[in-house]
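Asker: First residue of the sequence shown: 1, per my numbering; consecutive thereafter. The C-beta atom is built at its ideal place from N, Cα and C for all residues, glycine as well. This structure is in structure tokens; I'll ask about it shortly.
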Amino acid sequence: VNNLEAKKAELVVKALSIKMNKISGSRGISRHLRNTRRALRKRTPDKPKALKALASAIASFEKEMTWRRRAQSELLPGLMRYEEAIRDTIGLRLQPRLSRERALKIAACRSYHRDMTLRF
Numbered sequence: 001v002n003n004l005e006a007k008k009a010e011l012v013v014k015a016l017s018i019k020m021n022k023i024s025g026s027r028g029i030s031r032h033l034r035n036t037r038r039a040l041r042k043r044t045p046d047k048p049k050a051l052k053a054l055a056s057a058i059a060s061f062e063k064e065m066t067w068r069r070r071a072q073s074e075l076l077p078g079l080m081r082y083e084e085a086i087r088d089t090i091g092l093r094l095q096p097r098l099s100r101e102r103a104l105k106i107a108a109c110r111s112y113h114r115d116m117t118l119r120f
């Protein structure tokens, strides 16, 4: 922001903002980047305000990266074990393909006659 013209800096911040919007949970960072762009877009660009908003965006980014790294090392292994344990039992209808054993069990439990006359 300090080294570029306001229009060029705005384009750089816009490109960064587009990349950040693709990441879920990056709303706070995007908000600060949007404030940076607004400060640069004015008729007379307010560089101190833009720098302050950019510093806030960087601080939000660092905060996000800290908890994401921690979650990846501490939570992800447990979540992967949990997903592996429930993979064949929960959400069977949403799976693209069932194992033969599961398909036979489901077919067996749904293949009996039901009297539907009392439901009408």
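1. Using 10 angstroms around the beta-carbon of SER99, count the other beta-carbons present and answer buried if the total reaches 16, otherwise exposed.
2. Quick check on the DSSP output: the alpha helix (DSSP H) that includes ILE29 runs from which residue to which?
3. So is SER126 buried or exposed if we call it buried at 16+ other beta carbons inside 10 Å?
4. Evaluate GLU10 with the Cβ neighbour count: other Cβ atoms within 10 Å of its Cβ, from every protein chain shown; 16 or more gives buried, anything less gives exposed.
5. Using the Cα positions of GLU64 and LEU104, report the straight-line distance between them to the nearest angstrom.
6. I'd like the list of long-range same chain contacts for PHE61, defined as Cβ closer than 6 Å, with 5 residues on each side in sequence excluded.
7. How would you write the range of the alpha helix (DSSP H) that LYS47 sits in, first residue to last?
8. If you draw a straight line from the alpha carbon of PRO45 to that of MET20, how long is it in whole angstroms?
9. State yes or no: is the C-beta of VAL13 within less than 8 Å of the C-beta of LYS47?
10. Pick helix, strand or coil for GLY91, following the three-state DSSP scheme.
Answerer: This is what the structure holds:
1. exposed
2. 27-41
3. Missing from the structure shown is residue 126; the chain here goes from 1 to 120 and no further.
4. buried
5. 46 Å
6. ILE29
7. Counted as a single uninterrupted DSSP element, the alpha helix (DSSP H) harbouring LYS47 occupies residues 47-74.
8. 23 Å
9. no
10. coil
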